[in-house]
């Protein structure tokens, strides 16, 4: 081959390998199919290029959008991954992962790259991945704090350089708090995420951090924290569900379930999970906000003792967390779902629903859909809406099944019978055999947490939580008119 032809071929090959270096991270070859020196962290420009390239190459499975800008005008990118991303499929739930909220906690940021590549390259070969993409809308935000990341230093296991946003604010203390009035100004990144989760009816979320190895669930704060800080549990009405979904991540992780502390002078965590306030109370956290205000069940995953480990450690972190990241997404397909309509079969929008003896409520979507993640057991659903009789219905949630409970509300037309009435009884649905997942074999892990996941998707819904909180700067919530309420990114630019 002539030298000129050889150089041209080498140049083309180099360009191809640069792109494939991201997608090939997780083609199922573990670290054996990829040399350790090829793993690296992406800065903001590289992350943007990766996301745009992926969205261009997988238009039938992805949609890239930005929820807003950071203080230094960097996009807060989100990649939606699902089959037919531009269509609104009835009863298809929205779930999300948010990483790099603290800019110097970098592992989760890069694991989102590997998760994206894994999901997109395994659709035709992995039955569980196919199930997730067919039945779930997965939104991935690799970095909520790109400004902080840009000044962080690889190899810094401790410290705060890069933790805060460009104005020196801790974003995980910047959300409205259920127990304590916030006094610090809301940051652009916080406002963007609040708008995002208000417009899209998320049902499940993972917030990925570093500095420990544990799954932490709400509440992060407590009523006593107004006066004192106590390291005591502050339990939500859905504590049983939070413990379950946190344990699913922990027991599918290579070692989180062992609960070992990062050092001898630090706290251990039985089963690798903890209530947030029992670990250390904080005000203005994102996971409490998701749950109380928007009804989304969010758990915080601390996945590395070192906040910003050297890049050579990335293969190990991916292998440790890969199964957990996949298994957690399956938890969106548990509990009860249905549609609320009137007597003429029209959807009842923003009907208020509540599980008896659980004070956190939720609302139906513009199509009358609702869902709730629940553990197996007997429950009562209460449904109310202006102009309708309040209805109550007992139902059962069975293990590995979705309970379907469609509700017809009777119009309140005086004089009329004020009795409660539901015209569509609860109907448990037996699920097909779930696609298997590869779970580490370990006799110390409870079998109930190493599950195959059901294949019937629950619905999406719009939640309201306990109370309304005004958005800053006169922001007004807009209706949910389209796929996600955000503009597409300019895919053609690379």
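Residue numbers (UniProt numbering): 1 to 494. Positions of the beta carbon are idealized from the N, C-alpha and C atoms, including for glycine.
Chain-order list of residues whose beta-carbon lies under 8 Å from that of residue 358 (same chain, five-residue window excluded): Numbered from 1 along the chain shown, position 358 holds the residue referred to as residue 358. Same-chain partners within the cutoff: 237, 238.
Close beta carbons around residue 99, own chain, < 6 Å, minus the five adjacent residues each side: Here residue 99 corresponds to residue number 99 of the chain shown, with the count starting at 1. Once the five neighbours on either side are set aside, the close Cβ partners of residue 99 are 108, 109, 112, 142, 208.
Residue 363 versus 345, 266, 341, residue with shortest Cα-Cα distance: Residue numbering aside, residue 363 sits at position 363 when the chain shown is read from its first letter. Of the candidates 345, 266, 341, the residue whose Cα lies closest to the Cα of residue 363 is 341.
Local Cβ density within 10 Å of residue 264, reported as buried at 16 or more and exposed below that: Position 264 of the chain shown, counting from 1, holds the residue named residue 264. Exposed is the call here.
Beta-ladder partner(s) of residue 362, from DSSP: Counting from 1 along the chain shown, the entry for residue 362 is found at position 362. Beta-bridge analysis with DSSP links residue 362 to 353.
Same chain only: Cβ atoms within 6 Å of residue 256, ignoring 5 sequence neighbours per side: Indexing the chain shown from 1 puts residue 256 at position 256. When the five nearest sequence neighbours on each side are left out, the beta carbons in the same chain lying within less than 6 Å of the beta carbon of residue 256 are those of 213, 250, 272, in order along the chain.
Proximity below 8 Å, CB of residue 166 to CB of residue 221: By 1-based counting over the chain shown, the position of residue 166 is 166. By 1-based counting over the chain shown, the position of residue 221 is 221. In this structure, residue 221 does not lie closer than 8 Å to residue 166 by Cβ.
Reduced DSSP category for residue 315 - H, G, I as helix; E, B as strand; rest coil: Residue numbering aside, residue 315 sits at position 315 when the chain shown is read from its first letter. It is helical.
Closest by C-alpha distance to residue 92, when choosing among 171, 162, 337: For the purposes of this step, residue 92 is identified with residue 92 of the chain shown, where counting begins at 1. Of 171, 162, 337, the smallest CA-CA separation from residue 92 is found for 337.
From 120, 43, 88, 106, residue whose alpha carbon lies closest to that of residue 56: Here the question's residue 56 lines up with position 56 in the chain shown. Residue 120 is the option with its Cα nearest to residue 56.
Residues bridged to residue 301 [DSSP beta-bridge criterion]: Numbered from its first residue, the chain shown carries residue 301 at position 301. Per DSSP, the beta-bridge partners of residue 301 are 208, 215.
Residue 397 and residue 335 closer than 8 Å at C-beta: Taking the first residue of the chain shown as position 1, residue 397 is located at position 397. Taking the first residue of the chain shown as position 1, residue 335 is located at position 335. A contact, by the Cβ cut-off of 8 Å.
Bridge partners - residue 151, DSSP secondary structure assignment: As a position in the chain shown, residue 151 is number 151, starting the count at 1. Beta-bridge annotation (DSSP): residue 151 is not paired with any residue.
Sheet register partners of residue 395 (DSSP bridge): As a position in the chain shown, residue 395 is number 395, starting the count at 1. According to DSSP, residue 395 bridges with 379.
Coarse secondary structure for residue 79, derived from DSSP in three states: By 1-based counting over the chain shown, the position of residue 79 is 79. Three-state DSSP puts residue 79 in a strand.
Opening and closing residue of the beta strand (DSSP E) in which residue 340 lies: The residue given as residue 340 occupies position 340 in the chain shown. Where residue 340 is concerned, the enclosing beta strand (DSSP E) stretches over 335-341.
Contacts around residue 260, its chain only, beta-carbon distance under 8 Å, and the 5 residues preceding and following it disregarded: As a position in the chain shown, residue 260 is number 260, starting the count at 1. Answer for residue 260: 213, 268, listed in chain order.
Residue 330 in three-state terms, based on DSSP: Counting from 1 along the chain shown, the entry for residue 330 is found at position 330. Looking at residue 330 - three-state DSSP - the assignment turns out to be helix.
Coarse secondary structure for residue 368, derived from DSSP in three states: As a first step, residue 368 must be located in the chain shown, where it is residue number 368. In this structure, residue 368 counts as coil in the three-state DSSP scheme.
Cross-strand partners of residue 69 (DSSP beta bridge): In the chain shown, residue 69 corresponds to position 69, counting from 1. Within the DSSP secondary-structure output, residue 69 pairs in a beta bridge with 75.
Beta-ladder partner(s) of residue 137, from DSSP: The residue you call residue 137 lines up with position 137 of the chain shown. Residue pairing by DSSP places residue 137 opposite 94 in a beta bridge.
Whole-Å CB distance - residue 298 paired with residue 286, under 8 Å assumed: Here residue 298 corresponds to residue number 298 of the chain shown, with the count starting at 1. Here residue 286 corresponds to residue number 286 of the chain shown, with the count starting at 1. That belief holds up - the Cβ atoms of residue 298 and residue 286 are roughly 7 Å apart, short of 8 Å.
Close-in-space but distant-in-sequence residues of the same chain around residue 308 (CB under 6 Å, 5 per side omitted): For this step, residue 308 is matched to residue 308 along the chain shown. 104, 106, 152, 154, 156, listed in sequence order.
Beta-carbon gap between residue 327 and residue 204 smaller than 8 Å: Sequence index remark: in the chain shown, residue 327 carries index 327 (1-based). Sequence index remark: in the chain shown, residue 204 carries index 204 (1-based). The answer is no: Cβ separation not under 8 Å.
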